[in-house]
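S.K.: Okay, handing you the structure first.
Protein chains in written order, with our numbering: chain C, 1 to 309; chain F, 1001 to 1447.
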């Protein structure tokens, strides 16, 4: 039998490492780019366009031509089959068409502008604020919901808090990963990133509730006297379900990630990471937090601190 | 069981035309990122209006924009007003319109209606008059706000209107000159047309000074004209705010997607869905055996019913929405997994098959209910967020995920349960091995 609760220090350590890496990425990105996450047109304003080249051209060639035409700042994502997704500062559809024609001449290829998207910079601030509010509101709503769902248990607020801490942990790690990707690979976040993040919020808590539901049931059946053992039993009881559901969801997500096309590539990546981290946190973090709180053994949260016997 | 068969049959029947005319207008309704088309969001400059009746004014503006779009010959355009923090946005979706410059030209102009007369060669030119030594064109600006519909003694609709001071002077000059001739009403360069397609150009029958009426309109035409005239009193420029300055005719958001890219997205999504689902089904069959098969059948029902809902409501499918649908297939299995795991435990606990299945369903229910509510909460927040963003895809995703999760709960507790009961009741398969438990004894020993 696996002792999930007993190993909690290791799990917390892993989480701390992920959080610190994420934080480092955010700080580096903030210093180098002036923003914690590389913002796409939805947040910063600007134009996104998909250009289809036939025959296909090399990304480096395209980058060179773009620089020559004065678009040094543009980010270019190769979407395969001669398609490129280009993000630039705001340019009108007329200018985009012009750019397309210039690229066609310079690269000696047929170019189609298949997707043109412009978001005004003026909406960026409002969008960022809305996105932040949405994530915070969702987290608070989850807290209230769990407090309500576990109202018959002693200290329902504790259950809700543990779930929300695990949830924030998940969101933070994903933000960290994207901060990292933004810094290294120029990946930008858009409205779909926030959509994915909120879906992850729902999914994470979904998993945690399944585990908590089992703890609730096992506590009321008084199988074990020790809370830590009850939690461990519950984790093992729900382990197969958590892994299987994660697997079935991962199958479809992985297929979408690999074959679903470039438009939703990073959106699916958010969901993919969310399912993995969400499953990890429900099995390895949320229940353990409950135990730490129950026992008042706060030093366990800081695995590098001296082990309190 | 009969209920499920009927439901499934009905859903299948409503979805089937989709095969023939795949995803066309007869099939599912596709968003413009899949079908191709344009999407525009403008802010309205209402600085010239009083704050009290802005809702009405925006309704009028919407009417004006809809008219222009209809003149473009767009099929199923969508025009919506979004009110957000005291700011009015107008959201325009034009499926199938790839020439956005033309679309913007049609949309982004003014809302004032203009009166025109025919010159000697039959062309419509603005009807002008002179007020205070200034040459002015007669337009809907000069109406008072009380344009209304009355009926004459024969019960025919009459459009009754009043001019303001300048309007009365212009009208007197123009109607004196045009007595017995036609006066047409133009929106931009397009004449207004009645519901039968004829140009609305009433013949001037008397000199009109401050009050007048238009006869011979159908009730629908009269009502629409009334709304347009009331909205057209004030010019409501569409564009966007940059800091405190209004930048006319540049949209807040603009998106144009080529139909071939949309078709490509659909093709890729279907490939991905196919691969994902096959993996999923194999996994369920290998891991859960017989109940896995039941889950697959249940998933089949789920997929078909969900598609039928999309089609019948109808819900516009966007690319993220399509992804949401595919993801929901993976998540829909969750309720089944919860139930089967519980059933296995009960079997290991030594219960009979029938009792284990029943207990599995009953005990799993609280977890299914409580856990899915969190996804609902996330979807509701997303739906709100989607309304504040220009990105139209967010709402589609939220809606589809919400419906998907709700339906998955339903199919798990009805469809899966019915199938399982039927199989157990018929006593065809009674070996625990078929349910993924080696045997009661060994299962106990390993624990």
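We treat Cβ as the ideally placed atom computed from N, Cα and C, and that holds for glycine.
1. Where does the unbroken beta strand (DSSP E) through residue 87/C begin, and where does it stop?
2. Measure the Cβ-Cβ separation of residue 300/C and residue 9/C and say whether it is below 7 Å.
3. Could you check what DSSP says for residue 294/C in three-state terms: helix, strand or coil?
4. Buried or exposed for residue 1385/F, please, with buried defined as at least 16 other CB atoms from any protein chain shown within 10 angstroms of its CB.
5. Going along the segment 93-114 of chain C in order, which residues come within less than 9 Å of chain F, judged by CB to CB distance?
6. Check the Cβ of residue 213/C against every Cβ in chain F and list those closer than 8 Å, keeping chain order.
7. Determine, using beta carbons only, whether residue 1299/F and residue 248/C come nearer to each other than 7 Å.
8. Would you please state the rounded distance, in angstroms, between the beta carbons of residue 1347/F and residue 1356/F? I believe it to be under 8 Å.
9. Quick check: is the beta carbon of residue 218/C nearer than 7 Å to any beta carbon in chain F?
10. Taking 7 Å as the threshold (C-beta atoms), are residue 1033/F and residue 1319/F in contact?
11. Quick check: what's the CA-CA separation for residue 178/C versus residue 1264/F?
12. Since residue 164/C and residue 156/C are thought to touch, with beta carbons under 8 Å apart, how far apart are those beta carbons, to the nearest angstrom?
13. Note down, in chain order, every chain F residue with its Cβ under 8 Å from the Cβ of residue 267/C.
14. For residue 134/C, is the classification buried or exposed, using 16 other Cβ atoms within 10 angstroms of its Cβ as the cut-off for buried?
15. Run through DSSP, which three-state label would residue 119/C get?
16. Go ahead and pull the three-state DSSP assignment for residue 1324/F.
17. By Cβ distance, which residues of its chain are closer than 7 Å to residue 1274/F, with the 5 residues on each side in sequence left out?
18. Going by beta-carbon coordinates alone, are residue 244/C and residue 233/C separated by less than 7 Å?
19. Assign residue 182/C to one of two classes, buried (16 or more other C-beta atoms within 10 Å of its C-beta) or exposed (fewer than that).
20. Below 7 Å on C-beta distance, what does residue 1086/F contact in chain C?
21. Can you list the residues of chain F that residue 198/C reaches, using a CB-CB cut of under 8 Å?
22. Would you kindly report the start and end of the unbroken alpha helix (DSSP H) that includes residue 183/C?
23. Kindly indicate the opening and closing residues of the beta strand (DSSP E) around residue 1247/F.
24. For chain F, is any of its Cβ atoms less than 7 Å away from the one on residue 280/C?
25. What residues in its chain sit with their C-beta under 6 Å from that of residue 70/C, if we drop five residues either side in the sequence?
26. Would you list, in sequence order, the uninterrupted beta strand (DSSP E) runs of no fewer than 3 residues that lie entirely inside the segment 243-287 of chain C?
27. Considering only their Cβ atoms, is the gap separating residue 1232/F from residue 982/F smaller than 7 Å?
28. Run through chain C and tell me which residues come within less than 7 Å of residue 1255/F, C-beta to C-beta.
29. If contacts are defined as beta-carbon pairs under 8 Å, then residue 1082/F and residue 1241/F qualify, I think. What distance do you get, rounded to the angstrom?
30. Per DSSP, which one or two residues make a beta bridge with residue 1089/F?
31. Taking beta-carbon pairs under 8 Å, can you tell me which members of the segment 1227-1254 of chain F lie near chain C?
32. Please check the pair residue 144/C and residue 109/C, which I expect to be a contact at CB under 8 Å, by giving their CB distance rounded to whole angstroms.
33. Can you list, in chain order, the residues of its chain with a C-beta nearer than 7 Å to that of residue 1237/F? Leave out the 5 residues immediately preceding and following it.
34. Whole angstroms are fine: how far does the CA of residue 1310/F sit from the CA of residue 1224/F?
35. Can you have a look at residue 1251/F and say buried or exposed, based on whether 16 or more other CB atoms are within 10 angstroms of its CB?
36. CB residue 291/C to CB residue 231/C, shorter than 7 Å?
M.R.: According to the structure data:
1. Per DSSP, residue 87/C belongs to the beta strand (DSSP E) from 83-88.
2. yes
3. Residue 294/C falls in the helix class under three-state DSSP.
4. buried
5. Cβ contacts with chain F: 93, 94, 97, 112, 113 and 114.
6. 1366, 1367, 1370 and 1371
7. The Cβ atoms of residue 1299/F and residue 248/C do not sit closer than 7 Å to each other.
8. 5 Å
9. no
10. yes
11. 27 Å
12. Residue 164/C to residue 156/C, Cβ: 13 Å. No contact.
13. 1320 and 1323
14. Buried is the call here.
15. Judged by DSSP in its simplified three-state form, residue 119/C adopts strand.
16. helix
17. none
18. no
19. buried
20. Going along chain C, no residue has its Cβ under 7 Å from residue 1086/F, so there is no contact; the nearest lies around 12 Å.
21. 1378, 1381, 1382 and 1385
22. Unbroken alpha helix (DSSP H) run through residue 183/C: 156-185.
23. 1245-1248
24. No, residue 280/C does not count as interfacial toward chain F.
25. none
26. Complete beta strand (DSSP E) runs here, min 3: none at all.
27. What the structure shows of chain F is the stretch from 1001 to 1447, and residue 982/F is not part of that stretch, so it cannot be assessed.
28. 116 and 117
29. 15 Å between Cβ atoms; not a contact.
30. 1043/F and 1082/F
31. 1240, 1241, 1242, 1243, 1250, 1251, 1252, 1253 and 1254
32. That belief does not hold up - the Cβ atoms of residue 144/C and residue 109/C are roughly 56 Å apart, past 8 Å.
33. 1045, 1110, 1246 and 1248
34. 32 Å
35. buried
36. A contact, by the Cβ cut-off of 7 Å.
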